[in-house]
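The block underneath contains the structure these notes are about, expressed in structure tokens.
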Amino acid sequence: MTGYRLRVLAGTGSGMEIVVSHELVIGREEQGAGNLRGDREISRRHARVSINEAGVLLVEDLGSTNGTFVNDRRLTAQRVLRAGDRVRVGATTIEVLARERADAGATRPRPQPVLPAGPGAPLATPPTSPFPPRRADQRRPRSKGPIIAAGLFGALVLLALGYLIGHQSGDSSSASTAAEGAPTAGVVYVESNVAMPDANSVLALRYASNGDLHPLRVAEYPTGGAGSEDLTDSGVLDADGQVTLDRAHRLLFAVNQGSDSIAVFHVHADGELSAVQGSPFPSGGAAPASVGVSGNTAIVANKAQDGVRVLSTVAPTYVTFHINGDGSLSQFGPTIDAAPASSPTDAFVAPKYNFVMSTEEGGPFRGFVLGSGGLAQGANSPLDPDPSIFPANLSPIKRWGLGISANPSQPIVYVGMATVNKIAVYTYDRDGALRFVRSVAVPGSELPCWTHVNAAGTRLYTANAGNNTMSVLDTSDALHPKWIQTIKLSGEGNPWNFQIDPSGKMIFLIDPRARMNVAPGEGQTVHTLVIASDGRLSEPSYSPVVLPVGLNVNPFGLAVMATS
Numbered sequence: 024m025t026g027y028r029l030r031v032l033a034g035t036g037s038g039m040e041i042v043v044s045h046e047l048v049i050g051r052e053e054q055g056a057g058n059l060r061g062d063r064e065i066s067r068r069h070a071r072v073s074i075n076e077a078g079v080l081l082v083e084d085l086g087s088t089n090g091t092f093v094n095d096r097r098l099t100a101q102r103v104l105r106a107g108d109r110v111r112v113g114a115t116t117i118e119v120l121a122r123e124r125a126d127a128g129a130t131r132p133r134p135q136p137v138l139p140a141g142p143g144a145p146l147a148t149p150p151t152s153p154f155p156p157r158r159a160d161q162r163r164p165r166s167k168g169p170i171i172a173a174g175l176f177g178a179l180v181l182l183a184l185g186y187l188i189g190h191q192s193g194d195s196s197s198a199s200t201a202a203e204g205a206p207t208a209g210v211v212y213v214e215s216n217v218a219m220p221d222a223n224s225v226l227a228l229r230y231a232s233n234g235d236l237h238p239l240r241v242a243e244y245p246t247g248g249a250g251s252e253d254l255t256d257s258g259v260l261d262a263d264g265q266v267t268l269d270r271a272h273r274l275l276f277a278v279n280q281g282s283d284s285i286a287v288f289h290v291h292a293d294g295e296l297s298a299v300q301g302s303p304f305p306s307g308g309a310a311p312a313s314v315g316v317s318g319n320t321a322i323v324a325n326k327a328q329d330g331v332r333v334l335s336t337v338a339p340t341y342v343t344f345h346i347n348g349d350g351s352l353s354q355f356g357p358t359i360d361a362a363p364a365s366s367p368t369d370a371f372v373a374p375k376y377n378f379v380m381s382t383e384e385g386g387p388f389r390g391f392v393l394g395s396g397g398l399a400q401g402a403n404s405p406l407d408p409d410p411s412i413f414p415a416n417l418s419p420i421k422r423w424g425l426g427i428s429a430n431p432s433q434p435i436v437y438v439g440m441a442t443v444n445k446i447a448v449y450t451y452d453r454d455g456a457l458r459f460v461r462s463v464a465v466p467g468s469e470l471p472c473w474t475h476v477n478a479a480g481t482r483l484y485t486a487n488a489g490n491n492t493m494s495v496l497d498t499s500d501a502l503h504p505k506w507i508q509t510i511k512l513s514g515e516g517n518p519w520n521f522q523i524d525p526s527g528k529m530i531f532l533i534d535p536r537a538r539m540n541v542a543p544g545e546g547q548t549v550h551t552l553v554i555a556s557d558g559r560l561s562e563p564s565y566s567p568v569v570l571p572v573g574l575n576v577n578p579f580g581l582a583v584m585a586t587s
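In my numbering, each residue carries its 1-based index in the sequence shown increased by 23.
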């Protein structure tokens, strides 16, 4: 059984070393190593250090009078400990030293759920999972290397203490330990989207050739900024491209929606990330929601909505950046404003004519042409969706689209018309002008908000946020999509962003708790969907896995990279 070694640095028992094999309760009235009755600032039952079923070392305050601090930050929820962390209880400071093999005869109790407090706290009942959620206030210090992790309640980040020390110090033997287990075929990147200062991060989940995410090996990479939050269905989270890879898979971009910046990472051949010097970079507007990449240019849609700040009078913007040789970003070209509260959703880069497109929840579509001087708005943009898409009596505030995909070889785009459960088909031209073709119903769907087309252009997939389903349409005749399947996903959640993996054999989809129709403790998962030869979907028994975020955190964005 795995244990962890601690040392008392100051206060009662200074110099003493302790091995935690399952649980250590610290307090004046506790027995054994946790008894610190000589420290008058410690409560009778002050704090608990424990190891969960995934082997993660955790600390929580037990309602003490003076609080428990990790690296001088007061705990408001259970958090992960790693080598070098210092826990302060009263006048006593305890340092985490290393992970080691402890008494093989010891038994470890099944951990109980711990509810987050403060922002992102549960609104109703505790989670059903026996593992503790990661809270927004568990900030990670920015570092030179990743925080290596492995299996946790299906996905809780294992910040394995010895691994972290080795990786950050360049100890190759420690770093290699994190790669033990089955060979991996690729990495799924998801943004934790924690809406606390300097708490946002990119989570990297490794998958096998069949899309299985077990055994879980997860790494967390701080973005240096804050995310967003929304459970009220107000549109804060309605976007695609929050996490984006360049075509060569050498750089990864992630939005800090709550702090107006873009994080940029170097992507290594094994899927690990390292922050570009100077990251994060100003986004050129308020609350960036989407990043599109075309060659050495990045396009950012700044949504001006993050669920935390009052931004209703701030104009959203579309901005272009040079991607410099070192991965840094330099803004250039015009800034194109949208109406306040219009809430752009995308910076979608189409495969032809340097065409870029967005939808806005204020109503219009926008087409752009990307040139050497940046973005130029298309010939007929902004353009309201065609009236024939909607029932005549539908309120104007519900006449908008969300989720853009494109045929790979023809100038055709597909847009999810979420409020009416349809897909709209448009063509585009070299001037950035959009032309409506038709709309088609997606039976069995509710809020088809995101779309992707396979590499052959023959299948269109939609994620349906309202009823936890995905749908498949036949696009062999690109202008005449035909519905062929709607599949219910395992568990509960709100299907959000998804990607087809590079092999074309599977889809990875993030299914967060993003609306109040999903109970606390549900959602927050990543699904694997297997694509059959006819394009239909099925969900294997090893899907989904749970993400290491708190109950009311809204993880979003998804990018996939093959590593073998």
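Even for Gly, the Cβ is constructed at its ideal location relative to N, Cα and C.
Taking 8 angstroms as the cut-off, the Cβ atoms of P434 and L406 do not count as close. Here the alpha carbon of I285 sits roughly 5 angstroms from the alpha carbon of P303. Here the alpha carbons of S87 and L228 stand approximately 36 angstroms from one another.
Under the three-state reduction of DSSP, I435 is assigned to strand. Here L81 is buried. Its C-beta has 16 or more other C-beta atoms within 10 Å. Annotation: the continuous beta strand (DSSP E) that includes A321 extends over 320-325.
Separation of the CB atoms of L260 and Y212 is rounded to 17 angstroms, and the pair is thereby denied contact status at 8 angstroms.
Put simply, the backbone Cα of Q508 is about 13 angstroms away from that of P471. M219 has no beta-bridge partner at all, per DSSP. For D497, the uninterrupted beta strand (DSSP E) run begins and ends at 492-497, by DSSP. E46 has its alpha-carbon roughly 50 angstroms from the corresponding atom of E384.
Rounded to the nearest whole angstrom, the CA to CA distance from G350 to V460 is 39 angstroms. Only residues of its own chain outside the window of five on either side were considered, and among them D283, N325, A327, L334, V337 have a CB closer than 6 angstroms to the CB of A309, listed in chain order.
In the DSSP assignment, Q400 falls within the beta strand (DSSP E) that extends over 397-400. Judged by beta-carbon spacing, I359 lies beyond the 8 angstroms limit of Y376, meaning their Cβ atoms are not closer than that value. Secondary structure at S335: coil, using DSSP grouped into helix, strand and coil. Residues H550, T551 of the same chain have their beta carbon placed closer than 6 angstroms to that of S566, with the five preceding and five following residues left out of the count. When secondary structure is reduced to three states using DSSP, T450 falls in the strand class. Secondary structure at S381: strand, using DSSP grouped into helix, strand and coil. Judged by DSSP in its simplified three-state form, K505 adopts strand. Between F521 and L570 a beta carbon distance of about 14 angstroms is seen, past the 8 angstroms cut, so the two are scored as non-contacting. Taking 8 angstroms as the cut-off, the beta carbon of E118 is found no closer than this to the beta carbon of L254.
Cβ-Cβ distances below 6 angstroms link G90 to R97 in the same chain, with the five nearest sequence neighbours on each side left out; the list follows chain order. For Y230, the enclosing beta strand (DSSP E) stretches over residues 224-230. Here M39 is exposed: its Cβ has fewer than 16 other Cβ atoms, across all protein chains shown, within 10 Å. V241 and H291 have their C-alpha atoms spaced approximately 15 angstroms apart.
Beta-bridge partners of I117 (DSSP): V31, V110. Contact annotation, N517 with G544: C-beta distance approximately 14 angstroms; criterion of less than 8 angstroms not satisfied. For the 8 angstroms CB-CB criterion, F391 and Y451 do not form a contact. In this structure, G50 and S37 do not form a Cβ contact; the two beta carbons are roughly 18 angstroms apart against a cut-off of 8 angstroms. Here the alpha carbon of D329 sits roughly 36 angstroms from the alpha carbon of N233. In this structure the segment 439-458 touches the segment 482-491; the number of beta carbon pairs closer than 8 angstroms is three or more. Beta bridge pairing from DSSP links D360 with T340. Counted as a single uninterrupted DSSP element, the stretch harbouring Y565 is not any beta strand (DSSP E), since DSSP gives it neither H nor E. Contact check for D62 against G26 fails: the beta carbons are separated by 8 angstroms or more. Annotated as proximal: T586 and G294, with beta-carbon spacing under 8 angstroms.
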